[in-house]
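*Asks:* By this note's numbering, the letter at position 110 of the sequence shown is numbered 111, and the numbering carries on one by one without gaps. Glycine residues also receive a C-beta, built at the ideal position from the N, C-alpha and C atoms. Predicted model, so just to flag it, every value in this text is computed and none were measured. There's a structure below that I have some questions on.
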Amino acid sequence: MLTDVEGMAAVKLARKTIELFLSEERLPEPQELDFELSPVFGEKRGVFVTLTESGLLRGCIGHPFPDSRLEDAIMDSAISAATRDPRFHSVRKDELDEIVVEVTVLTQPEKINAPAEELPERIEIGKHGLIVKQGYCQGLLLPQVAPEYNMDSLEFLGHTCLKAGLSPDAWLKGAEVSCFEGQIFKEKEPSGEVIEEKLQ
Numbered sequence: 002m003l004t005d006v007e008g009m010a011a012v013k014l015a016r017k018t019i020e021l022f023l024s025e026e027r028l029p030e031p032q033e034l035d036f037e038l039s040p041v042f043g044e045k046r047g048v049f050v051t052l053t054e055s056g057l058l059r060g061c062i063g064h065p066f067p068d069s070r071l072e073d074a075i076m077d078s079a080i081s082a083a084t085r086d087p088r089f090h091s092v093r094k095d096e097l098d099e100i101v102v103e104v105t106v107l108t109q110p111e112k113i114n115a116p117a118e119e120l121p122e123r124i125e126i127g128k129h130g131l132i133v134k135q136g137y138c139q140g141l142l143l144p145q146v147a148p149e150y151n152m153d154s155l156e157f158l159g160h161t162c163l164k165a166g167l168s169p170d171a172w173l174k175g176a177e178v179s180c181f182e183g184q185i186f187k188e189k190e191p192s193g194e195v196i197e198e199k200l201q
């Protein structure tokens with residue numbers, strides 16, 4: 002688990018990366034940061050960066066698996082959320098004053114080893130995020146999605162299947178389901194105080 006100070010650094014790193022990439026098309030240098038990156042940022046972790054504007058999603062991309070150092074994964078995900086999310090046009094520099102930055106640090110996803118009909122009871126809403134995979138299709142929904150949209154575990158499974166481009170009942174038909182947990186840090190308002198968001 003990250004401390005509050007580390008969570009604040011994660012969000013600040015994401016914002017600084019987006020600002021510099023949009024203005025100068027480069028990544029921040031360590032000496033430019035006005036905060037410390039503790040050793041946890043050198044560990045391999047999964048992470049997602051989510052951008053919202055006036056409470057609406059503006060971009061969300063990340064590394065589902067711990068394939069990169071946390072520092073690198075945050076910077077890459079921040080740029081991707083701002084400029085490479087196919088659902089939205091790229092964030093403009095002048096928009097950044099309206100955008101709230103959120104970073105979710107993930108635990109290692111673990112396959113749920115249970116018969117398909119038992120999957121819903123193995124999923125804890127507000128604790129688990131889901132990954133559904135079948136063949137080349139893969140979809141992920143973060144732990145905060147289900148509570149935000151008042152989904153139960155059946156709906157959460159169905160929506161994760163849809164995100165993968167599969168039928169909503171693919172989890173009953175052999176798709177692999179994995180769960181993970183996430184620690185969420187976000188700005189209270191654009192460039193504002195960073196808090197850890199606890200899901201209900």
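#1: With burial defined as no fewer than 16 other Cβ atoms inside 10 Å of the residue's Cβ, what is the status of V102: buried or exposed?
#2: By Cβ distance below 7 Å, which residues in the same chain neighbour I185 in space, the five residues on each side in sequence not counted?
#3: Across which residues does DSSP place G1 in a beta bridge pair?
#4: For T105, name the three-state secondary structure that DSSP assigns.
#5: In the DSSP output, what is S179 paired with across the bridge?
#6: What are the start and end residues of the beta strand (DSSP E) that includes L57?
#7: Taking the Cβ atom as the reference point for each residue, do L107 and C180 lie within a distance shorter than 8 Å?
#8: Less than 8 Å separating the beta-carbons of T53 and R46?
#9: Find out if the Cβ-Cβ distance for the pair F49, L163 is shorter than 8 Å.
#10: Determine, using beta carbons only, whether L21 and L28 come nearer to each other than 8 Å.
#11: Does the region 133-142 come close enough to the region 165-176 to have 3 or more Cβ pairs within less than 8 Å?
#12: Would the beta-carbon of P148 fall within 8 Å of that of L97?
#13: With distance defined between alpha-carbon atoms, name the residue in D95, S81 and L57 nearest to G63.
#14: Nearest-angstrom Cα distance between E25 and K94?
#15: Thinking C-alpha only, which one of G56, L14 and V92 is nearest A74?
#16: Should G43 be labelled buried (16 or more other beta-carbon atoms within 10 Å of its own) or exposed?
*Replies:* The answer reads as follows:
#1: The residue is buried, with at least 16 neighbouring Cβ atoms inside 10 Å.
#2: E103, T105, Q145, E197 and E198
#3: Nothing in the structure corresponds to residue 1, since the chain is present only between 2 and 201.
#4: strand
#5: Per DSSP, K112 and I132.
#6: Counting along the chain, the beta strand (DSSP E) containing L57 begins and ends at L57 to H64.
#7: No, they are not a contact pair.
#8: no
#9: no
#10: yes
#11: yes
#12: no
#13: Ranking the options by Cα distance to G63, first place goes to S81.
#14: Cα atoms of E25 and K94: separation of roughly 11 Å, rounded to the nearest angstrom.
#15: Relative to A74, the option among G56, L14 and V92 whose CA is nearest is L14.
#16: exposed
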